[in-house]
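Data block below; observations after.
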Amino acid sequence: MLKKRVLLAMAFMPLFAGIASAQTLPGEIKIATEGAYPPWNYTNADGSLTGYEIDLTHALCERMKVKCTIVSQEWNGIIPGLTVGKYDAIIASMGVTPERKKVIAFSKSYAKAPNGFLTTSNNDLKSLADAGHAFDLTDSPSDAQSAIDELKLKFKGKVIGVQTGSTASNFVREYFKGMEIRDYPTFEQLALDLANGRLDVGVANVTTFKPVIEANKGVLVSTGPTFAGGVLGQGTTNIALRQGDDTLRQAFDAAITSVNNDGTNKALTEKWFGVDISTRD
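Counting from -5, one number per residue, gives the positions in the sequence shown under my numbering.
In structure tokens form, the structure reads like this:
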């Protein structure tokens, strides 16, 4: 009988721990997003924020039973703003990399998507080899390097666009040294220059491609293989937090598990990307 009581108590310990963590959270949490990375997060004409991560943030905060204020912050300053306390977390399509882990902490992942290539329909890069193939720089480095070597031959004399401070920027600078690389503050500006012929190819998270391809029908196309791992991180997107904010991190982790388990996250990714890129526990 005593053994049964002990086992019953142990079974409820995680639940009680979760409630205790929620009770220690502040009444209001400020969350930063970029507001310029559709369909993940972007700004409407009236100045309001929208996108997958805006909907996801509201769902997470509802489960955490806290009021959340979402603010926009330019990408270049988004991590420094977190570390100095301007806000409590970042939900802005941020991947985990070794460099970022030196200064900030991360929640469990809520979505997973690799990086790929975007070009124009009249550019010879529109028919790159290995289209649709997914390479992992960590798990299969030799195969990934062979694919990159082929791409480097095709990219010779071309202009490559990346968003400043992105994992795609790290990838291009590591593996495409000697190429002409152009940096953009936002992906939207990159896509605009690409559509107007000022770039040959853009490198970014593939989930950003759908809205700009639809907005530039017949002009922009995805091409070639995709890459994850290594300098690109795990291919996942995670919530960024200050190191040591363990209570908040645990609360977000529990909320992510909740939206994954009840299908909310799956529904949101399908709504915004047309495909399920939600993670699984």
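Glycine is no exception: its CB is placed at the ideal position from the N, C-alpha and C atoms.
> Should the segment 65 to 83 be regarded as contacting the segment 202 to 211, the criterion being three or more beta carbon pairs within less than 8 Å?
Replying inline: no
> Taking just the CA atoms, how far does glycine 21 sit from phenylalanine 111?
Replying inline: The residue you call residue 111 lines up with position 117 of the sequence shown. The residue you call residue 21 lines up with position 27 of the sequence shown. Near 42 Å, if we compare the C-alpha coordinates of glycine 21 and phenylalanine 111.
> Is methionine 88 helix, strand or coil when you go by DSSP?
Replying inline: Against the sequence shown, residue 88 aligns to sequence position 94. Correct three-state label for methionine 88: strand.
> Which value, in whole angstroms, describes the spacing of the CA atoms of tyrosine 46 and phenylalanine 203?
Replying inline: Residue mapping note: residue 46 aligns to position 52 of the sequence shown, counting from 1. Residue mapping note: residue 203 aligns to position 209 of the sequence shown, counting from 1. Using only the alpha carbons, I get a separation of about 14 Å.
> Relative to the C-alpha of arginine 236, which residue among Thr230, Gly227, Phe246 is closest?
Replying inline: Residue numbering aside, residue 236 sits at position 242 when the sequence shown is read from its first letter. Checking every option, the nearest Cα to that of arginine 236 belongs to Phe246.
> Beta carbon of aspartate 27, beta carbon of isoleucine 98: below 9 Å?
Replying inline: Within the sequence shown, numbered from 1, the residue matching residue 27 stands at position 33. Within the sequence shown, numbered from 1, the residue matching residue 98 stands at position 104. As written in the sequence, residue 27 is threonine, which differs from the aspartate given in the question. Result no, Cβ atoms of threonine 27 and isoleucine 98 do not sit closer than 9 Å.
> Is glutamine 183 helix, strand or coil by DSSP?
Replying inline: The sequence position of residue 183 within the sequence shown is 189, counting from 1. DSSP places glutamine 183 in helix when its eight states are reduced to three.
> When the Cα of isoleucine 233 is compared with those of Gly224, Ala249, Phe221, Ala222, which residue comes out closest?
Replying inline: Position 239 of the sequence shown holds residue 233. Closest by alpha carbon: Ala249.
>> Can you list, in chain order, the residues of its chain with a C-beta nearer than 6 Å to that of threonine 201? Leave out the 5 residues immediately preceding and following it.
In response: Along the sequence shown, one-based indexing puts residue 201 at 207. Cβ within range, chain order: Ala107, Phe267.
>> By alpha-carbon positions, which one of Ala222, Asn38, Cys62 ends up nearest to isoleucine 23?
In response: Taking the sequence shown and counting its residues from 1, one reaches residue 23 at position 29. For the residues Ala222, Asn38, Cys62, the minimum Cα distance to isoleucine 23 belongs to Cys62.
>> Give me the DSSP bridge partner(s) of leucine 43.
In response: Indexing the sequence shown from 1 puts residue 43 at position 49. Its beta-bridge partners are Thr37.
> Which residues mark the beginning and the end of the beta strand (DSSP E) in which lysine 24 is found?
Replying inline: In the sequence shown, counting from the first residue as 1, residue 24 sits at position 30. That run of the beta strand (DSSP E) goes 22 to 27.
> Taking the Cβ atom as the reference point for each residue, do alanine 53 and tryptophan 69 lie within a distance shorter than 9 Å?
Replying inline: Walking along the sequence shown from the start, residue 53 turns up at place 59. Walking along the sequence shown from the start, residue 69 turns up at place 75. Against a cut-off of 9 Å, the Cβ pair of tryptophan 69 and alanine 53 comes out as no contact.
> With a CB to CB cut of under 8 Å and the five nearest residues on each side skipped, what residues in its chain are close to threonine 263?
Replying inline: Residue 263 sits at position 269 when you count from the first residue of the sequence shown. Same-chain partners within the cutoff: Tyr46, Ala105, Val269, Asp270, Ile271, Ser272.
> In the DSSP assignment, what residue or residues form a beta bridge with alanine 107?
Replying inline: Here the question's residue 107 lines up with position 113 in the sequence shown. Answer by DSSP bridge pairing: none, since alanine 107 is not bridged.
> Between valine 90 and the rest of its own chain, which residues show a CB-CB distance below 6 Å, the 5 nearest in sequence each way excluded?
Replying inline: Against the sequence shown, residue 90 aligns to sequence position 96. The residues are Phe100, Gly227, Gln228, Asn232.
>> Given this structure, state the Cα-to-Cα distance separating aspartate 181 from aspartate 82, to the nearest angstrom.
In response: By one-based count along the sequence shown, residue 181 stands at place 187. By one-based count along the sequence shown, residue 82 stands at place 88. A small fix is needed here, since residue 181 is phenylalanine in this sequence, not aspartate. So the two alpha carbons sit approximately 24 Å from each other.
> Three-state secondary structure (DSSP) at leucine 235?
Replying inline: Taking the first residue of the sequence shown as position 1, residue 235 is located at position 241. Correct three-state label for leucine 235: strand.
> Taking buried to mean at least 16 other C-beta atoms within 10 Å of its own C-beta, is glycine 196 buried or exposed?
Replying inline: What you label residue 196 is simply residue 202 of the sequence shown in a count that begins at 1. When all chains shown are included, glycine 196 counts as buried.
> Secondary structure at glutamine 139, three-state DSSP: helix, strand or coil?
Replying inline: Translated into the one-based positions of the sequence shown, residue 139 becomes position 145. In the structure shown, glutamine 139 sits in a helix (DSSP, three-state: H, G or I).
>> Looking at the secondary structure, which residues open and close the beta strand (DSSP E) in which alanine 128 lies?
In response: Along the sequence shown, read from residue 1 onward, the residue named residue 128 stands at position 134. Run containing alanine 128: 128 to 130, per the beta strand (DSSP E) assignment.
>> Quick check on threonine 230: does DSSP put it in helix, strand or coil?
In response: As a first step, residue 230 is located in the sequence shown; it is residue number 236 there, counting from the start. Threonine 230 falls in the strand class under three-state DSSP.
> Between alanine 222 and aspartate 130, is the Cβ-Cβ spacing less than 9 Å?
Replying inline: Locating residue 222 in the sequence shown gives position 228, where the first residue counts as 1. Locating residue 130 in the sequence shown gives position 136, where the first residue counts as 1. Cβ atoms of alanine 222 and aspartate 130: closer than 9 Å.
>> Tell me which residues share the same chain as arginine 243 and place their Cβ nearer than 7 Å to its Cβ, disregarding the 5 neighbours each side in the sequence.
In response: Here residue 243 refers to the residue found at position 249 of the sequence shown. For arginine 243, where only same-chain residues beyond five positions count, the Cβ hits under 7 Å are Ala99, Ser101, Leu235.
> What number of angstroms, rounded off, separates the C-alpha of aspartate 194 from the C-alpha of serine 121?
Replying inline: The sequence position of residue 194 within the sequence shown is 200, counting from 1. The sequence position of residue 121 within the sequence shown is 127, counting from 1. If you take the alpha carbons of aspartate 194 and serine 121, they lie about 13 Å apart.
>> Please state whether the Cβ-Cβ distance between alanine 185 and leucine 214 is less than 9 Å.
In response: Here residue 185 corresponds to residue number 191 of the sequence shown, with the count starting at 1. Here residue 214 corresponds to residue number 220 of the sequence shown, with the count starting at 1. Yes, they are a contact pair.
>> Using 8 Å for Cβ pairs, my map puts threonine 158 next to aspartate 187. What's the rounded Cβ distance?
In response: The residue labelled residue 158 in the question sits at position 164 within the sequence shown. The residue labelled residue 187 in the question sits at position 193 within the sequence shown. With a Cβ gap of about 14 Å, threonine 158 and aspartate 187 do not count as contacting.
>> Please report the straight-line C-alpha distance between asparagine 190 and serine 216, rounded to a whole angstrom.
In response: On the sequence shown, position 196 is the one that residue 190 refers to. On the sequence shown, position 222 is the one that residue 216 refers to. Answer to the nearest angstrom: the Cα atoms are 16 Å apart.
> Going by DSSP, which residues form a beta bridge with leucine 112?
Replying inline: Here residue 112 is taken as the residue at index 118 of the sequence shown, counted from 1. Leucine 112 pairs with Gly196, Ser216.
> Where does threonine 220 land, buried or exposed, given buried means 16+ other C-beta within 10 angstroms?
Replying inline: In the sequence shown, the residue the question calls residue 220 occupies position 226. Its Cβ being crowded by 16 or more others within 10 Å, threonine 220 is buried.
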